[in-house]
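Numbering of the sequence shown is given in our numbering, commencing with residue 84 and proceeding in unit increments.
Notes to accompany the following structure.
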Amino acid sequence: MKAFVFPGQGAQFEGMGKDLYEAYPVAREMFETANDILGYRITDIMFDGDTEDLKLTSITQPAVFLHSVIASKVLNILRPDMVAGHSLGEYSALVACEALRMEDALVLVKKRAEAMQRACEMQESTMAAVLGLPDEKVDEVCQMITDKVVVAANFNCPNQVVISGSIEGIEEACRMLKERGAKRAMRLQVNGAFHSPLMQPAAEELKTAILNTEFHQPICPIYQNVNAYPQTNPEDIRQNLLLQLTAPVRWTQTIKNMIVDGAHEFYEFGPGDVLKGLIRKIDPEVIVG
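Below, the structure written as structure tokens:
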């Protein structure tokens, strides 16, 4: 069985999507539709902007989403048996399995990015990568810190977890994790605590938009971040998406569940190949394309 996977924020690069735009008429049409929906030419930033331009959350998220969705449209001739996306990538996965129209998903991604940017500006916060400790040990340490905000946010692959929270919470957690044997516990260059309670204001902003968006019966199961289980009911998909901004990304368990359910080939669509590396660490036996 074939699984399509889609990356999240952080996969962007200068010039992303330009090759698709120039090579495929359908890609040009999709990009121009996106420009109209967004109200500005995001293609100019994607194709000719610099790294700093692409770092802005309000630009990064729609850019990565568009690249992923358009790449899956023009580069594959296969129908997926299951799909999943990492954080923002879940919106691309929802389009790939036809639970959302691209146009509707892009509107949600735009609102998501803007709401997250505002939430980031409300309180200084950050994230850190933790290597060399089991998931449960990282989670345990985060739960020990009760006077500051810090949570396990991304379970990316065995012995690789990203934590999220206030700057003070992250600093304390990093110190404690190193004391308990972490090979690395290093702050990331992000100005926001994604997938933590500090994203609750953004989740509230996004809620109305998600509730007012039409979700469709997907053509295949989507394994969602919040519980790592396959979903086919449109209302269940909607409810899980409502929780996504403040809940952890259970990527390790997602991939394991997909493999248990029969996935043996994984195809990543979008900028970069970060997910390919994570999947190989989760199960070196599967085919990654």
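Even for Gly, the Cβ is constructed at its ideal location relative to N, Cα and C.
Whole angstroms are fine: how far does the CA of residue 327 sit from the CA of residue 292? Whole-angstrom Cα-Cα distance: 14 angstroms.
What first and last residue would you give for the beta strand (DSSP E) that runs through residue 269? Here the beta strand (DSSP E) through residue 269 covers 267-270.
Whose CA, out of 308, 154, 185 and 84, lies closest to the CA of residue 120? Nearest of 308, 154, 185 and 84 to residue 120, Cα basis: 185.
Is DSSP giving residue 207 helix, strand or coil here? The answer is coil: DSSP assigns residue 207 none of H, G, I, E or B.
Considering only the beta carbon of each residue, do residue 99 and residue 202 sit closer than 9 angstroms? For residue 99 and residue 202, no; Cβs fall outside 9 angstroms.
Environment of residue 266 [buried if 16+ CB atoms lie within 10 Å]: Label assigned to residue 266: exposed.
Quick one: which unbroken alpha helix (DSSP H) runs of 4-plus residues sit fully inside the region 133-196? Chain order, please. Correct list: 134-138, 140-158 and 172-179.
Run the CB neighbour count on residue 374, radius 10 Å, all protein chains shown included, and call it buried at 16 or more, exposed below. Beyond the ends of the chain as shown, which are 84 and 372, falls residue 374; an answer cannot be given.
According to the neighbour-count rule (16 or more other Cβ atoms, all chains shown, within 10 Å of its Cβ), is residue 341 buried or exposed? The residue in question, residue 341, is buried, as its Cβ has 16 or more Cβ neighbours within 10 Å.
Closest to residue 272 by C-alpha separation, out of 371, 93 and 162, would be which residue? Per the Cα distances, 93.
Hey, residue 84 and residue 275 are a contact pair by Cβ (cut 8 angstroms); roughly how many whole angstroms apart? Cβ-Cβ separation between residue 84 and residue 275: approximately 35 angstroms, too far for a contact (criterion under 8 angstroms).
Contact check, residue 192 vs residue 155, beta carbons under 9 angstroms: No; because the gap between Cβ atoms is not below 9 angstroms, this pair is not in contact.
With H, G and I counted as helix, E and B as strand and the rest as coil, what does DSSP make of residue 198? Looking at residue 198 - three-state DSSP - the assignment turns out to be helix.
Provide the residue(s) that pair with residue 314 in DSSP beta bridges, ordered along the chain. Looking at the DSSP assignment, residue 314 forms a beta bridge with 305.
Which same chain residues, not among the five before or five after residue 264, have their C-beta less than 6 angstroms away from its C-beta? No residues qualify anywhere along the chain.
Give the C-beta separation of residue 211 and residue 250 to the nearest angstrom, bearing in mind that I take them to be a contact with Cβ-Cβ under 8 angstroms. With a Cβ gap of about 10 angstroms, residue 211 and residue 250 do not count as contacting.
Taking the alpha carbon of residue 162 as the point to measure from, which residue in 356, 362, 369 and 349 has its own alpha carbon closest? Looking at the Cα atoms, 349 is the closest of the given residues.
Nearest-angstrom Cα distance between residue 114 and residue 310? Their backbone Cα atoms lie some 32 angstroms apart in a straight line.
Span of the beta strand (DSSP E), counted from its first residue to its last, around residue 288: For residue 288, there is no enclosing beta strand (DSSP E); the enclosing alpha helix (DSSP H) has its first and last residue at 283-294.
Counterpart residues of residue 240 in DSSP-defined beta bridges: Residue 240 is bridged by DSSP to 243.
Beta-carbon gap between residue 158 and residue 90 smaller than 9 angstroms: The answer is no: Cβ separation not under 9 angstroms.
As a quick exercise: from 108, 105 and 129, pick the residue whose alpha carbon is nearest that of residue 96. Residue 129 is the option with its Cα nearest to residue 96.
Taking one C-beta from the region 230-246 and one from the region 347-366 each time, how about it: are there three or more such pairs within less than 8 angstroms? Result yes; three or more Cβ-Cβ pairs closer than 8 angstroms.
DSSP three-state assignment for residue 370, whether helix, strand or coil: Here residue 370 carries a strand assignment [DSSP, helix/strand/coil].
Given the structure, does residue 216 come close to the ligand GTP, in the sense that its CB is under 8 angstroms from one of the ligand's heavy atoms? In the structure shown, the ligand GTP is absent, as is every other ligand, since no ligand is present at all.
Between residue 294 and residue 288, what straight-line distance do the alpha-carbon atoms span, to the nearest angstrom? Each residue's Cα considered, the two are about 11 angstroms apart.
Where residue 361 sits in the DSSP three-state scheme: When secondary structure is reduced to three states using DSSP, residue 361 falls in the helix class.
Mapping DSSP to helix, strand and coil, what is residue 277? Coil at residue 277, not helix or strand.
Rounded to a whole number of angstroms, what is the C-alpha to C-alpha distance between residue 148 and residue 195? When only Cα atoms are considered, residue 148 and residue 195 end up about 12 angstroms apart.
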